[in-house]
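To keep things clear, I will list the structure first and then write my remarks on it.
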Ligand code: OAD
Ligand code: ZN
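Residue numbers (our numbering): 228 to 467.
Shown next as structure tokens:
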């Protein structure tokens, strides 16, 4: 795949940038995405498994579903796309990876400055008082030692606000970046999907990398449509 000259120049001259990543970057590692024909939400009801009302009506079911996903994700490793982002981060003075993923694979690939917008599946917090509880091995949700509330995975569910500090940092990057990569996300979930649009409004150069065109493709400056695990290494190679 030919990388456009302007994209290479923009990368070389960038002082500050970010990548917004979604489930597609972990797909080559063997972790299913959410939408699309083999997506998680195809035969599972997100309102029962990833919402406050789902947890309140059947906490065991929700906890066990997350346990299964934790077991599955634990076996997976970062792929060439994750490692390429670690390389890109080294090329740009100030570069964040803002992820909607909860799988910890960016960190495992050695990327720093990872901003987790939707939490981390290996962490837990009290559903009542919010106290952090780290990793827990239990077949059923246990009670918080501080308040007696039930402990749940520290991920963002439908209808819940995003963690405030992370979101604030993300807005800052969106408004002040020379280069932005939108990688493996359908760009359908807000507010994450607004970040690249804000960047465009602020003069950032936005490059989309996805298996297929998305709802934001018509707005971005440049787009590469193929497997992330192939496109990102090519991008790194063409800049180095
Ligand atoms: P989606 O499942 O909505 O989209 C995955 C995207 O990755 C699609 O646009 C695919 O075309 C693309 N893709 C898949 N495999 C790829 C590959 N090998 N190379 C390149 N692109 C590939 O996932 P997200 O956009 O991450 O939220 O979904 C956003 C949020 O919706 C998730 O964080 C989750 C979900 O509900 C919460 O759980 C809060
Ligand atoms: Zn508590």
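For glycine and all other residues, C-beta sits at the position ideal for the given N, C-alpha and C.
Local conformation of residue i per DSSP, three classes
i: residue 446; result: coil
i: residue 234; result: helix
i: residue 329; result: coil
i: residue 378; result: strand
i: residue 283; result: helix
i: residue 289; result: helix
i: residue 340; result: coil
i: residue 247; result: strand
i: residue 321; result: strand
i: residue 387; result: coil
Closest Cα partner of residue i within the set the options
i: residue 416; options: 384, 353 and 358; result: 384
i: residue 379; options: 341, 307, 444 and 282; result: 282
i: residue 381; options: 300, 335, 291 and 329; result: 329
i: residue 367; options: 420, 288 and 306; result: 288
i: residue 377; options: 431, 356, 390 and 389; result: 356
Residue range of the unbroken beta strand (DSSP E) whose run includes residue i
i: residue 313; result: Counting along the chain, residue 313 falls outside any beta strand (DSSP E), though it belongs to the alpha helix (DSSP H) covering 307-318.
i: residue 350; result: 346-353
i: residue 435; result: 432-437
Terminal residues of the alpha helix (DSSP H) in which residue i lies
i: residue 392; result: 391-402
i: residue 456; result: 455-466
Beta-carbon separation (whole angstroms), residue i vs residue j, contact threshold 8 Å
i: residue 262; j: residue 413; result: 5 Å
i: residue 466; j: residue 410; result: Actually they do not touch by this definition, with Cβ atoms about 16 Å apart.
i: residue 343; j: residue 393; result: 6 Å
i: residue 243; j: residue 320; result: 7 Å
Test: residue i CB closer than 7 Å to a CB of chain C
i: residue 250; result: Here there is only one protein chain, and chain C is not present.
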